[in-house]
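S.K.:
2 protein chains.
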Amino acid sequence: MSLPLDPDDSVVVLAHEQFPDRAKTAVGVLRYAEYDVTAVLDRDRAGESVGDHVPDVPDAPIVESMDAALGVADPDALVIGIAPIGGGFDESWRPDVRAAIEAGCDVIAGLHYFLEDDAEFAALAADHGVDLIDVRRPPDDLTVSEGRAREADADVVLTVGTDCSTGKMTTTLELVAAARARGVDAGFVPTGQTGIMIAGWGVPIDRTISDFAAGAVERMILDAAPDHDVLFVEGQGSILHPAYSGVTCSLLHGAMPDALVVTHSAGREAIHGYESFPIPPVETHADLYTDLAEPVAPTTVAAGALDTRTFEDDAAAREAVDAYADALDAPATDPVRFDADELLDALL
Amino acid sequence: MSLPLDPDDSVVVLAHEQFPDRAKTAVGVLRYAEYDVTAVLDRDRAGESVGDHVPDVPDAPIVESMDAALGVADPDALVIGIAPIGGGFDESWRPDVRAAIEAGCDVIAGLHYFLEDDAEFAALAADHGVDLIDVRRPPDDLTVSEGRAREADADVVLTVGTDCSTGKMTTTLELVAAARARGVDAGFVPTGQTGIMIAGWGVPIDRTISDFAAGAVERMILDAAPDHDVLFVEGQGSILHPAYSGVTCSLLHGAMPDALVVTHSAGREAIHGYESFPIPPVETHADLYTDLAEPVAPTTVAAGALDTRTFEDDAAAREAVDAYADALDAPATDPVRFDADELLDALL
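In order, the protein sequence lines correspond to chains L and W. Just so we're aligned: 182 in our numbering is position 180 of the first sequence, and the numbers increase by one with no gaps anywhere. Just so we're aligned: 324 in our numbering is position 322 of the second sequence, and the numbers increase by one with no gaps anywhere.
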C-alpha cells in the first residue's frame, strides 16, 4: 500500500485525550515522518503545543478540533494518531473526520474499523474527491513467499525483540536516520500501521492471511532493494510471544535478514499482557532467532537496542546497556537516549 | 466452522481427472470421514470404482457427472474433493455443482474461490434452500490468543513435520482411530481444509489473519477439550519452511501441546517446491520445536511418523523407520504402512 503523502505535504494528527503518552502513532509521525504536521487534535490539551511535550520535533499547535486546525493551515490529510483498545472508531471523532473530508483532506487511519466501510464517510469522500486510507487493510493480491529475499541486492537488517513494544520500530527508524546522516542509502521497510503511516507505504504483516505473511515481507524486500544499499526492516512481536510468534517467524523467514538487532525493554520481566509468561534471558532469544534462521537463511545477532526509559539517570542506563551487550555478546545501546551510531558501526 | 454433515449422512465427492493420486481431499474423505460416499465424480474414470484404486475403504462407483451420481443414490451434499493449483474454481465443474444444488444438496468446498461469492450458485442455493460452505473461509470472530491452551483439561498431541505433505493429517487421523480402537476418548482438531471436511468442523489456520492464528488454535483446543481425554491436533507446514513457518509457529504456541509427533517423508531432501532449501536432519527439527516451545509451554518429542511410500518392500521401509527412530531418539513407525499402535504406546 502506498499513501498519498509526499515529503512536502502536511497533515493534522488526531490524538484526542491521549497526547502524548498514549498516542504512539501521533508521536511516531511527529518524530519520524518526512511530511509536516500542522496541528495535533487533543481536546484535553487545546492551547498547548507539541513542543511542550515532545522534545526535538518541529513544534505545532494542539487544538480542539479539525475546524480549529483548518484555521491554522491548509493540510493535505488527517491522520488518526491513536487507537483505542480493540481498534474501534470513537464516535467522538466523527465531526473531525467529517470536517477533514469536507475540507478536501484525505483521511488516513490504522484502525481495525475501516473508514472505507463507514457509509457516511464513504459517501462524503466520494462527494469531495478525497481518499479514505485504512493502512491496516492488507493488499488483496498477496501470495506465498518464494523464498527469494536473499536475492535482494541490498543488505537486510531486521529488528527483533523479546516482546511487543520493546522499541523495534523506533530502533529501526533511528538506524535509518543515522545511516542516512552518514550518507548511506538506507531504506525503511515498514510492517505495522504506525511505520506505514510514517513511511507512506508498507504492508501490515499482522493483518495478512497467515500463509501470505512471509510472502508480503519478501515482496517488500524485493521491491525496495533496488533503490537502496541497506534495508532496515521493522520487526513485530517476539518469537516467544504466546499470541504473535507466528508473525515474528514469518518476518524472520520472509525477510531473510543478513543481521539482527535484538531489542528489549529494560526491567520488563514478563510478556506484556501475558504476565504468567516470563521473558527468558536475551541470550535465549538470540540463540532461538539465529537457530531458526540458520537452515533457511543464516543470520547473526549484530547488535542490541535496550529501551532504558525506566531509568532516570544516564549512568544507570549506561550500566544496563553494558550488561545487555555482555549478555548478547554484541554491541548495544539505547538508540533514543544515546544515539544509534554504535549500532550502525556494528551493522555497516 | 461446523459443517452440516452427520455420521449417517452421505455425500458425492468431485475429483474430475485427478482421482485418486492427485485427489488428496477425496481420498482423505473416503478413508477417514464418518459420513458415507455414494459416488466419486471423475469423468476420466467413469465406470470404474473406488475399490479399484483405494484399498480398505467402502467401495463406491466412479461416475461422470452429478446427474449420474443422483441416479445411484440420494446424497446430502456434494464435496469438492480436489483443488487446482491456485485454488480456483474449474468452470467444467459448474454443471455438477448446479445439479447438486437443484437436487437439494449442500455443496462443500475448500477452494480459494468461494462458492458463496459466485452469483449463480448463491442465487440457486437460496432458491433451493441449501448451503454453500467454503471451509477455507475462516470465521470472522477470531481474536488473539490469551495463552491459555495449557489450561485445557485434556492431553494435547500436535503433529509437526520437516515440510508440507509429510503426513501430518494422516498421522493425526491414524492416531485418533487407533486411540478410539483402544477405547480412549480421543478428539481430532482439524486445522486445514481436508481435515475440516473429514471432521465436519475446524478452522483453516493458514487462512486466518496472522495475528489471530494462535488464537484460533487455542479456541479449538479449549472448545474440544471438555469432550475428550486426549486431543490430536493436525499440524501444518514446518518451522523451517520458507513460506509457511509462521503458521507452524502459531500452531506450536497456540496449541501448547504436551507432546509432539514429528513427521517426515522418507527420501525427501529438500523443501517441496523450494528445492534450493535442503531439509536439515530430523534431530535439528526436534531441537527447534522443543526449544521454541520451552519458554512458552514445554513439550517433548514423543514419537515419529515416517511416510515410507517411496519404498516398495516392507523390510526396507522398516529399516528406514528404525533409522528415523534412532535419529529422533523416540519410537517411530509409518502409521499407514504398519500401524499407529507403536506411536500410541509412546503417547498415552
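The beta carbon of each residue, even a glycine, is placed where N, CA and C say it ideally should be. None of these values were measured; they are calculated from a predicted model.
Start and end of the alpha helix (DSSP H) containing Thr173/W?
M.R.: Run containing Thr173/W: Lys170 to Ala183, per the alpha helix (DSSP H) assignment.
S.K.: Can you look up Ser67/W in the DSSP assignment and give me helix, strand or coil?
M.R.: Ser67/W: coil per DSSP, three-state reduction.
S.K.: Ala179/W and Ala342/W - do their beta-carbons sit closer together than 9 Å?
M.R.: Yes.
S.K.: Could you tell me which residues DSSP puts in a beta bridge with Phe234/L?
M.R.: Looking at the DSSP assignment, Phe234/L forms a beta bridge with Val159/L and Phe190/L.
S.K.: Strictly under 9 Å for the Cβ-Cβ distance: is Leu294/W near chain L by that measure?
M.R.: Yes, because at least one Cβ of chain L sits closer than 9 Å to the Cβ of Leu294/W.
S.K.: From this set, Pro6/W, Gly53/W and Leu43/W, which residue's C-alpha is nearest Glu36/W's C-alpha?
M.R.: That would be Pro6/W, whose Cα lies nearest to the Cα of Glu36/W.
S.K.: Taking Gly237/W and Val162/W to be in contact with their CB atoms under 8 Å, please state how far apart those CB atoms are, rounded to whole angstroms.
M.R.: Contact flag correct, Cβ pair sits at about 5 Å.
S.K.: When the cut-off is 9 Å and only beta carbons count, does Thr250/W lie next to chain L?
M.R.: Judged by the 9 Å Cβ criterion, Thr250/W is in contact with chain L.
S.K.: List, in chain order, every chain L residue whose beta-carbon is nearer than 7 Å to that of Pro192/W.
M.R.: Simply none; closest approach about 16 Å.
S.K.: Any C-beta of chain W sitting closer than 9 Å to the C-beta of Gly169/L?
M.R.: Cβ-Cβ to chain W under 9 Å: no for Gly169/L.
S.K.: CA-CA distance, Asp11/L and Glu104/L?
M.R.: Distance between the alpha carbons of Asp11/L and Glu104/L: 18 Å.
S.K.: To the nearest angstrom, how far is the alpha carbon of Val159/L from that of Val264/L?
M.R.: So the two alpha carbons sit approximately 11 Å from each other.
S.K.: How would you call Ala220/W, buried or exposed, if buried means at least 16 neighbouring beta carbons within 10 angstroms?
M.R.: According to the sequence shown, residue 220/W is Glu rather than Ala. It counts as buried.
S.K.: Examine chain W for any beta-carbon lying closer than 9 Å to the beta-carbon of Thr210/L, and answer yes or no.
M.R.: Yes - at least one Cβ of chain W is within 9 Å of the one on Thr210/L.
S.K.: Which same chain residues, not among the five before or five after Trp95/W, have their C-beta less than 8 Å away from its C-beta?
M.R.: Within the same chain, Trp95/W has close Cβ partners Leu16, His18 and Ile82.
S.K.: Return the CA-CA distance between Asp69/W and Ala215/L, expressed in angstroms with no decimal places.
M.R.: Cα to Cα, the separation comes out at about 42 Å.
S.K.: If the cut is a Cβ gap below 7 Å, which residues of chain W does Tyr276/L touch?
M.R.: Correct list: Gly149.
S.K.: Buried or exposed for Ser267/L, going by 16 or more other Cβ atoms inside 10 Å?
M.R.: Ser267/L should be labelled buried.
S.K.: With a threshold of 9 Å between beta-carbons, can Thr286/L be considered close to chain W, or not?
M.R.: Yes, contact with chain W.
S.K.: My output table needs one value for Ala17/L: the three-state DSSP class, helix, strand or coil.
M.R.: Coil.
S.K.: Figure out for me which residue from Arg45/L, Asp44/L and Pro63/L has the closest Cα to the Cα of Gly53/L.
M.R.: Of the candidates Arg45/L, Asp44/L and Pro63/L, the one whose C-alpha sits nearest the C-alpha of Gly53/L is Pro63/L.
S.K.: Take Leu294/L as the anchor and find which of Pro300/W, Pro297/W and His287/W has the nearest alpha-carbon.
M.R.: Residue His287/W is the option with its Cα nearest to Leu294/L.
S.K.: Whose C-beta lies closer than 8 Å to the C-beta of Asp213/W among residues of the same chain, with five residues either side of it excluded?
M.R.: Result list for Asp213/W: Val146, in chain order.
S.K.: Opposite Ile207/W in the DSSP bridges: which residues?
M.R.: BP columns for Ile207/W are empty, so no partner.
S.K.: Rounded to the nearest angstrom, what separates Pro244/W and Glu148/L at their Cα positions?
M.R.: Roughly 7 Å between the two C-alpha positions.
S.K.: Within 9 Å of any Cβ in chain W, is that where the Cβ of Tyr246/L sits?
M.R.: Cβ-Cβ to chain W under 9 Å: yes for Tyr246/L.
S.K.: Checking 9 Å against the spacing of the C-beta atoms, do Pro206/L and Ile200/L come in under that value?
M.R.: No; because the gap between Cβ atoms is not below 9 Å, this pair is not in contact.
S.K.: Taking 9 Å as the CB-CB limit, is Ile207/W close to chain L?
M.R.: Yes, Ile207/W lies at the interface with chain L (some Cβ there is under 9 Å from its Cβ).
S.K.: Check for me: the beta strand (DSSP E) holding Ser247/W runs from which residue to which?
M.R.: Where Ser247/W is concerned, there is no enclosing beta strand (DSSP E), although the alpha helix (DSSP H) it sits in stretches over Ser247 to Ala257.
S.K.: Judging by CA-CA distance, which residue of Leu262/W, Phe279/W and Thr292/W is the nearest neighbour of Ala307/W?
M.R.: For the residues Leu262/W, Phe279/W and Thr292/W, the minimum Cα distance to Ala307/W belongs to Leu262/W.
S.K.: Start and end of the alpha helix (DSSP H) containing Glu104/L?
M.R.: Its alpha helix (DSSP H) spans residues Arg96 to Glu104.
S.K.: For the alpha helix (DSSP H) that Glu321/W lies in, which residues bound it at each end?
M.R.: Per DSSP, Glu321/W belongs to the alpha helix (DSSP H) from Asp316 to Leu330.
S.K.: According to DSSP, simplified to helix, strand and coil, what is Ala79/W?
M.R.: Strand.
S.K.: The alpha helix (DSSP H) with His130/L in it runs from where to where?
M.R.: Its alpha helix (DSSP H) spans residues Ala121 to His130.
S.K.: For my contact list, Ala325/L and Pro333/L are in at a C-beta cut-off of 8 Å; report their separation, rounded to the angstrom.
M.R.: Going by Cβ atoms, the distance from Ala325/L to Pro333/L rounds to 13 Å, so no, they are not a contact pair.
S.K.: Taking the alpha-carbon of Asp44/W as reference, which of Phe21/W, Asp58/W, Pro57/W and Tyr246/W has the nearest alpha-carbon?
M.R.: Per the Cα distances, Phe21/W.
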